[in-house]
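Residue numbers (this note's numbering), protein chains in the order written: chain A, 233 to 409; chain B, 2 to 688.
By construction, the Cβ of each residue, glycine as well, lies at the ideal position given by its N, Cα and C atoms.
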């Protein structure tokens, strides 16, 4: 390794002053890299941040019309329609609170609550998702139009706790045998 | 009977695990061999006990003992035997039991293999592995016991309990509910267990690192013991990630394989820090540097594994993978906090005592060390970016009161430049030397790969590619690939003067498994990179409703809709199958059967869209049956993707796995001794 005399570095590397100078250079280089990375993450965050809000919030804050937001609500099964030729999905979601301990119960109550606020949703250019059904939780990314309809670019669905926590219903019948 | 066996064996394993923690620490502190041996025996005994518990569950699932709630929830009579055997990990409680079993297996293997060679570390290895196992067994036994059974009161009310409540009779449903349809896929057999093996495998390196910190035995022992284990864990984690991508591609029907879903990210995060460690550990071995940093990486990897397990299972992130919201959240969070405090505390203690001081300093930016440090910075930067993106909704809600989410565009725009920089390093670092390299020497070594890269760019442009970002991507990835191939070729050529090429390659790889295994891994990553660029930048899609006999064209392929059929499978699913013919020009190349499965007996999540795909190395013609006219049978709607080069992702994955196996394969002792003797000499060979 001693033979590397044509290095782009300055020669003479044993004196302590050069040592600190070198450490300083590594330090500056490292800080520059960290700043670049922080900038990349910060810029990406600001550019792609989506506010996660409830149906109530979306409907009561007019400044959000036309802005990209993420909204979550309970799907009403009877309102789902699908136009296969244009791949357009239409349905209505009901407000659910942001925090809930029992999602399945919250979804069930929301769908059966006539007083809760509702939002019509249009999703274009998507195949009919397997999970789009009554009392599913829909997480939508898109914009509320001037017409009061929510135009979603992305649709994420969850039918969660019902699946895991339910108990068998046919037990009674079974043990009666 | 089997349920009782399961309850008792897991409970005894829980007691043994905690006994092993106490006995091993006491033995190490007091210097009493008897206590250490007793702790070892207790730790080893958890394995047969948990194996029996898993066997009890699997036998119950195969026999259809629906009295056990978990069996009822994950199997049904008509299930394939295949899915009955794998339903162990089909839900929360069973997969936790499987988690514990895997950890017990790894712990027992580590205790048996490394007992003599790392004798001073072993008491603490017992303590840290069994502490982790003991915690998971608390979840298994007390909070999410998979052997919980169904009971019925005379008034018809059904309840779950471990043991028969007073006044209740056993409730035995006639049939089970069956596995969630999305899980009924061959991927189910391999993806969860490989991912768990990778995840849980990361506990072992951490236990060795913590043992080194706790015992003060901070020489190279823990590194030597850790290296093989982390390679094993990394092998399974890589395999799990690849299989997960393939499963998503086959079943989730959106034409992609990676969606930056929080749970996918949870598996990616420890993979990233583990990859960083695999690189930086070489600097510690060769130069005695980065001791503080390597410890930090191992601790971080472990904490990310626990955090990932916690966030997937507690329902704090929304994802297609999420288990139900579950009471295991708070105890898991407590465990995460305790292990973080303990790990970081021990690390700071040794650091502040100067026991992790570096033996060398950086000499030049152009050295293998600095390039590896850059590599580590990039891996950690990607980790931070992915971590922030996955947990942003939680942090922003906590600190600014509004929930902000970051979608796939965030991940793509932030990680793409970082990954690109990693490919550049992958090209330069193997050519650099330890200590320092002159820029002239480095330039000379890069000449041929650079020329080949230039040729690649010219070819791409000549063949009509005008997307400059993609060309840049191909150039960077291609450069890394050419360097790797060139390095392998040089190594083989040097030997081939004496023997045949094949023999030379065989011996070269056999004698330098880590180095050439590493090169093969790099090649795998290069091939994956080519596939990712091709399938994301050049993906085409279209959708149409076609009448029978009608056709649509996408790229070079034409698809003709033939007819729609119905079939009912043995497990009761109703399959609607569209038959389509795919033509390349005028030549019929494939008949595809994209279909939709409907599970009439299942409530919620009861349909599944399965793509039909015509695969060549060049592209996938990927067809989804989206909708159809129920009565007239006149038309059906298809969504069709053309995914160029997507198969390179899978082929690259296979190359990667082969490379890890080359690197991890045990060397004959004589070779290892020789290599360790000449470790210093080997570095100067490169200069």
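Cutoff 7 Å; reference residue i; Cβ partners in own chain excluding five residues on either side
i, result
"residue 375 of chain A", "298, 299, 300 and 383"
"residue 289 of chain B", "359, 360 and 361"
"residue 396 of chain B", "none"
"residue 599 of chain B", "574, 575, 607 and 608"
"residue 237 of chain B", "195, 198, 199 and 202"
Chain E residues whose Cβ lies nearer than 7 Å to that of residue i
i, result
"residue 608 of chain B", "Absent from the structure is chain E; the protein chains it does hold are A and B."
9 Å Cβ cut-off: residues of chain A touching residue i
i, result
"residue 292 of chain B", "Near residue 292 of chain B there are no residues of chain A at all, since even the closest Cβ is about 17 Å away, more than 9 Å."
"residue 625 of chain B", "359"
Closest Cα partner of residue i within the set the options
i, options, result
"residue 332 of chain B", "B:496, B:105, B:240 and B:136", "B:136"
"residue 405 of chain B", "B:418, B:89, B:577 and B:391", "B:391"
"residue 251 of chain B", "B:302, B:186, B:50 and B:289", "B:186"
"residue 218 of chain B", "B:521, B:119 and B:198", "B:119"
"residue 276 of chain A", "B:393, B:369 and B:637", "B:393"
"residue 388 of chain B", "B:372, B:302, B:334 and B:472", "B:302"
Sequence-distant residues of its chain with Cβ nearer than 8 Å to residue i (five each side left out)
i, result
"residue 16 of chain B", "none"
"residue 153 of chain B", "159, 160, 169, 170, 171 and 172"
Range covered by the alpha helix (DSSP H) that runs through residue i
i, result
"residue 622 of chain B", "Element bounds for residue 622 of chain B: not the alpha helix (DSSP H) but the beta strand (DSSP E), 620–629."
"residue 405 of chain B", "Where residue 405 of chain B is concerned, there is no enclosing alpha helix (DSSP H), although the beta strand (DSSP E) it sits in stretches over 404–407."
"residue 361 of chain B", "From DSSP, residue 361 of chain B is part of no alpha helix (DSSP H); its letter is neither H nor E."
"residue 538 of chain B", "514–538"
"residue 69 of chain B", "Looking at the DSSP string, residue 69 of chain B is not in any alpha helix (DSSP H), and its letter there is neither H nor E."
"residue 290 of chain B", "Premise fails: residue 290 of chain B is in no alpha helix (DSSP H) and is neither H nor E."
"residue 288 of chain A", "287–292"
"residue 135 of chain B", "123–139"
"residue 645 of chain B", "Premise fails: residue 645 of chain B lies in the beta strand (DSSP E), 636–645, not in any alpha helix (DSSP H)."
"residue 299 of chain A", "Taken as a continuous stretch (DSSP letters only), residue 299 of chain A belongs to no alpha helix (DSSP H), as it is neither H nor E."
"residue 229 of chain B", "222–248"
"residue 24 of chain B", "3–31"
"residue 481 of chain B", "469–497"
Terminal residues of the beta strand (DSSP E) in which residue i lies
i, result
"residue 554 of chain B", "552–555"
"residue 457 of chain B", "Here residue 457 of chain B belongs to no beta strand (DSSP E); instead the alpha helix (DSSP H) covers 440–463."
"residue 152 of chain B", "150–153"
"residue 418 of chain A", "Outside the shown range of chain A (233 to 409) lies residue 418 of chain A, about which nothing can therefore be said."
"residue 327 of chain A", "320–327"
"residue 594 of chain B", "Premise fails: residue 594 of chain B is in no beta strand (DSSP E) and is neither H nor E."
"residue 382 of chain A", "381–390"
"residue 577 of chain B", "575–585"
"residue 609 of chain B", "608–611"
"residue 160 of chain B", "159–162"
Chain-ordered chain A contacts of residue i [CB-CB under 7 Å]
i, result
"residue 248 of chain B", "Within 7 Å Cβ-Cβ: nothing; residue 248 of chain B doesn't reach chain A, min ~15 Å."
"residue 382 of chain B", "269"
"residue 415 of chain B", "272, 273 and 276"
"residue 570 of chain B", "Going along chain A, no residue has its Cβ under 7 Å from residue 570 of chain B, so there is no contact; the nearest lies around 17 Å."
Proximal residues to residue i (C-beta, below 6 Å), its chain only, five neighbours per side dropped
i, result
"residue 234 of chain A", "At residue 234 of chain A the pLDDT is 41, less than 50, meaning the model places this residue with poor confidence and gives no usable figure here."
"residue 23 of chain B", "none"
"residue 365 of chain B", "437"
"residue 324 of chain B", "Unreliable positioning characterises residue 324 of chain B in this predicted model, as indicated by a pLDDT of 49, which lies under 50. A coordinate reading is not provided."
"residue 561 of chain B", "552 and 582"
"residue 291 of chain B", "281, 284 and 285"
"residue 230 of chain B", "205 and 206"
"residue 2 of chain B", "none"
"residue 62 of chain B", "72, 76, 85 and 88"
"residue 487 of chain B", "449 and 450"
Interface partners of residue i on chain B, CB under 9 Å
i, result
"residue 305 of chain A", "Under the 9 Å cutoff, chain B gives no residues; its nearest Cβ is about 13 Å from residue 305 of chain A."
"residue 330 of chain A", "398 and 404"
"residue 375 of chain A", "Those do not exist, as residue 375 of chain A stays about 14 Å from chain B at its closest Cβ, beyond 9 Å."
Residue i: contacting residues in chain B (beta-carbon distance under 8 Å)
i, result
"residue 341 of chain A", "Near residue 341 of chain A there are no residues of chain B at all, since even the closest Cβ is about 16 Å away, more than 8 Å."
"residue 261 of chain A", "366"
"residue 344 of chain A", "Ordered by position in chain B, no residue passes the 8 Å Cβ test against residue 344 of chain A, which lies about 17 Å from the chain."
"residue 383 of chain A", "Ordered by position in chain B, no residue passes the 8 Å Cβ test against residue 383 of chain A, which lies about 16 Å from the chain."
Contact list for residue i against chain A, beta-carbon separation under 8 Å
i, result
"residue 389 of chain B", "273 and 277"
Contact set between residue i and chain B, taken where Cβ atoms lie within less than 7 Å
i, result
"residue 302 of chain A", "406"
*asked:* When you compare the stretch 167–184 of chain B with the stretch 35–55 of chain B, are there three or more beta-carbon pairs, one atom per stretch, that lie closer than 8 Å?
replied: no
*Decide if the stretch 531–550 of chain B is in contact with the stretch 488–507 of chain B; the criterion is three or more beta carbon pairs, one per stretch, under 8 Å apart.*
No, the stretch 531–550 of chain B does not touch the stretch 488–507 of chain B.
*Would you call the stretch 447–458 of chain B and the stretch 470–481 of chain B in contact, with 3 or more CB pairs under 8 Å?*
yes
*Would you be able to state if there are at least three C-beta pairs under 8 Å between the stretch 609–624 of chain B and the stretch 257–265 of chain B?*
no
*Could you tell me whether the stretch 297–311 of chain B touches the stretch 260–276 of chain B, using the rule of 3 or more Cβ pairs below 8 Å?*
Output reads yes: the stretch 260–276 of chain B touches the stretch 297–311 of chain B.
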